[in-house]
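A.B. asks:
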Amino acid sequence: MSKKFLVPRGTNDILPLEIPLWQHVEAKARDILKNYNYKEIRTPFFEETELFVRSMGQTSDVVQKQMLNLGSDLSLRPENTASVVRAYIQHSLDRKENLSKLFYIGPMFRGERPQKGRLRQFHQMGGEAIGPGTCSPYLDAEVIALSVNMLKSFGLNNFQLKINTLGSPEDKENFSGMLRKMFKSPLEGLCEDCQKRYERNVFRILDCKNKDCRAIVNAQKIDHSYLSDESHAYYAKVKEALESLGIAYEESLNLVRGLDYYTHTVFEISDASLGSQDALGAGGRYNDLVPQLGGPQVDAIGFALGVERILLAMPQDKEFVGQTPTVFVIALDETAFAEAFSLVNTLRQEGVPSDINYKVSSVKSQMRSANKSGARYVALLGEDELKNNVVTVKDMETGNQEQLELTKLIGKVK
Ligand code: AMP
Numbered sequence: 028m029s030k031k032f033l034v035p036r037g038t039n040d041i042l043p044l045e046i047p048l049w050q051h052v053e054a055k056a057r058d059i060l061k062n063y064n065y066k067e068i069r070t071p072f073f074e075e076t077e078l079f080v081r082s083m084g085q086t087s088d089v090v091q092k093q094m095l096n097l098g099s100d101l102s103l104r105p106e107n108t109a110s111v112v113r114a115y116i117q118h119s120l121d122r123k124e125n126l127s128k129l130f131y132i133g134p135m136f137r138g139e140r141p142q143k144g145r146l147r148q149f150h151q152m153g154g155e156a157i158g159p160g161t162c163s164p165y166l167d168a169e170v171i172a173l174s175v176n177m178l179k180s181f182g183l184n185n186f187q188l189k190i191n192t193l194g195s196p197e198d199k200e201n202f203s204g205m206l207r208k209m210f211k212s213p214l215e216g217l218c219e220d221c222q223k224r225y226e227r228n229v230f231r232i233l234d235c236k237n238k239d240c241r242a243i244v245n246a247q248k249i250d251h252s253y254l255s256d257e258s259h260a261y262y263a264k265v266k267e268a269l270e271s272l273g274i275a276y277e278e279s280l281n282l283v284r285g286l287d288y289y290t291h292t293v294f295e296i297s298d299a300s301l302g303s304q305d306a307l308g309a310g311g312r313y314n315d316l317v318p319q320l321g322g323p324q325v326d327a328i329g330f331a332l333g334v335e336r337i338l339l340a341m342p343q344d345k346e347f348v349g350q351t352p353t354v355f356v357i358a359l360d361e362t363a364f365a366e367a368f369s370l371v372n373t374l375r376q377e378g379v380p381s382d383i384n385y386k387v388s389s390v391k392s393q394m395r396s397a398n399k400s401g402a403r404y405v406a407l408l409g410e411d412e413l414k415n416n417v418v419t420v421k422d423m424e425t426g427n428q429e430q431l432e433l434t435k436l437i438g439k440v441k
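Counting in this note's numbering, the sequence shown runs without a single skipped number right up to 441 at its last residue.
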């Protein structure tokens, strides 16, 4: 027996019946992104591995454990921020507009151990707002509000938004020092991974899911003393702007995000109904990434939402109808087939979605095919119809049947 191939673990086929739901979510997202003046950008699914290492940081979880390398020095994109920034620099978008608001919808790839809500190929919709001198607390609040409003437009309303600030790069250094001091004495009690994180990227201890680590983290009194006055004031404005937009948030001083590039505002949106993989999306400001990747000194902030998780959390109260032809054409005998074939062609030329049964069999069996196709109308052509230059049209919704001239048929179904 020959081998049966299955979809690779951690990836999904999205079948035609599921597509309408995906298209609904994508269309909603595009509408809202357009309202906020975001324009679509499409970058390749793979880039130089070093781009991801340099942007996310050698010590990030994604780079350490989740990159899908394509051999040579290329890797599949685990996220899209680095690629968008690469494209921004490569095409000198800073010279074309003051603030580039770019969005993307597409697959991302991470070599994770698959589980519910955690895939090796998944989809994100996200945006990046990049431009010189555009670091504004109002833009931060707007990006957060945009993420929240997208989720609301999908019918989600049980999610929770958490925000925090890492401050300027100098503040972030202070923060790192503060955490090192804090975890120095309880270091032995932390898991093996966190003991390494202490050296390499102390922030990531705050994200550890290990129970003992959680307890140690929760026992610490983290405050914002690492922030400069300026960063304090900036963050206060972000919160004020969120309030003015009516966006409910919770402040979480433990929220740091595991990637090197974040500074100032960071946020995460989660939905408890999703279980252990509860993050719907996240984002933050990354003012120094563009210069770090060889571009001009421009400010930037971005976000990404996980599409599969959105679909899991969406209320299942709406039915999405799959794509169906308007007309399904049936030839009642072999002599009528050529005419039927020409009819379906004419209908398509006229912009009427149509299909035909390619094998002339009994009316009963052909009607079954017509039914399965979901077509609203069935057009039947046989000897009588050919003789009288008409088509028999059955309305599958009402059951009514009538004979029409071809031009009338087009008028009716259009
Ligand atoms: P991250 O950059 O890891 O914060 O990812 C942003 C969002 O993408 C997350 O909040 C999830 O909704 C989604 N996401 C990330 N990794 C995966 C994955 N392996 N499988 C499914 N969704 C994911």
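A virtual CB, placed ideally from N, CA and C, is assigned to each residue, including glycine.
Could you please give the first and the last residue of the uninterrupted beta strand (DSSP E) stretch that includes Ser127?
C.D. replies: From DSSP, the beta strand (DSSP E) with Ser127 extends over Ser127 to Phe136.
A.B. asks: Which same chain residues end up closer than 7 Å to Lys199 when comparing Cβ atoms and leaving out the 5 residues on each side of it in sequence?
C.D. replies: The residues are Leu193 and Thr290.
A.B. asks: To the nearest whole angstrom, what separates the beta carbons of Lys66 and Phe136, a pair I think is in contact under 8 Å?
C.D. replies: Going by Cβ atoms, the distance from Lys66 to Phe136 rounds to 24 Å, so no, they are not a contact pair.
A.B. asks: Shorter than 7 Å, the distance from the beta carbon of Gly302 to the closest heavy atom of the ligand AMP, or not?
C.D. replies: The answer is no for Gly302.
A.B. asks: For Thr108, name the three-state secondary structure that DSSP assigns.
C.D. replies: The answer is helix: DSSP assigns Thr108 an H, G or I state.
A.B. asks: Going straight from the alpha carbon of Gln187 to that of Thr353, what length do you get?
C.D. replies: For Gln187 and Thr353, the distance between alpha carbons rounds to 43 Å.
A.B. asks: Exposed or buried, what is Ser87 when buried is set at 16 or more other beta-carbons lying within 10 Å of its beta-carbon?
C.D. replies: It counts as buried.
A.B. asks: Pick from Tyr313, Asn62 and Gln85: whose alpha carbon is nearest that of Gly160?
C.D. replies: Ranking the options by Cα distance to Gly160, first place goes to Tyr313.
A.B. asks: Quick check: does the Cβ of Glu53 come within less than 7 Å of any heavy atom belonging to the ligand AMP?
C.D. replies: Glu53: no, Cβ never under 7 Å from the ligand AMP.
A.B. asks: Tell me, please, which residues DSSP counts as bridged to Thr292.
C.D. replies: In the DSSP output, where bridge partners are listed per residue, Thr292 has Thr192.
A.B. asks: If you draw a straight line from the alpha carbon of Gln343 to that of Gln324, how long is it in whole angstroms?
C.D. replies: Between Gln343 and Gln324, the C-alpha separation is close to 45 Å.
A.B. asks: If you measure between the beta carbons of Pro196 and Asp326, is that distance less than 8 Å?
C.D. replies: Against a cut-off of 8 Å, the Cβ pair of Asp326 and Pro196 comes out as no contact.
A.B. asks: What three-state label does DSSP hand Phe149 in the structure shown?
C.D. replies: Three-state DSSP puts Phe149 in a strand.
A.B. asks: Do you know whose CA, among Val34, Gly153 and Val112, lies nearest Gly133's CA?
C.D. replies: Out of Val34, Gly153 and Val112, Gly153 has the C-alpha closest to the C-alpha of Gly133.
A.B. asks: With Val229 as the anchor, note down where its beta strand (DSSP E) starts and where it stops.
C.D. replies: First-last for Val229: undefined, no H or E at that position.
A.B. asks: State yes or no: is the beta carbon of Glu124 nearer than 8 Å to at least one beta carbon in chain D?
C.D. replies: In the structure shown, chain D does not exist; there is a single protein chain.
A.B. asks: Comparing alpha-carbon positions, which option in Cys240, Ile232 and His251 lies nearest Arg284?
C.D. replies: For the residues Cys240, Ile232 and His251, the minimum Cα distance to Arg284 belongs to Ile232.
A.B. asks: From the DSSP output, in three-state form, read off Ala327 for me.
C.D. replies: DSSP places Ala327 in strand when its eight states are reduced to three.
A.B. asks: So does Arg231 have its beta carbon nearer than 7 Å to some heavy atom of the ligand AMP?
C.D. replies: Every heavy atom of the ligand AMP is 7 Å or more from the Cβ of Arg231, so no.
A.B. asks: Since Gln187 sits in a beta bridge, which residues does DSSP pair it with?
C.D. replies: Partner(s): Ser297.
A.B. asks: Taking 7 Å as the cut-off, is the beta-carbon of Gly311 closer than that to any non-hydrogen atom of the ligand AMP?
C.D. replies: No.
A.B. asks: Could you say if the stretch 30-49 and the stretch 333-350 meet the contact criterion of at least three C-beta pairs nearer than 8 Å?
C.D. replies: Verdict: yes, contact present.
A.B. asks: Near Tyr253, which residues of its chain fall below 7 Å by C-beta distance, leaving aside the five closest residues on each side in sequence?
C.D. replies: Counting only Cβ-Cβ distances below 7 Å, and skipping sequence neighbours, we find Gly194, Asp198, Asn201, Phe202 and Met205.
A.B. asks: What separation, rounded to the nearest whole angstrom, lies between the Cα atoms of Ser303 and Gln319?
C.D. replies: So the alpha carbons of these two residues sit roughly 34 Å apart.
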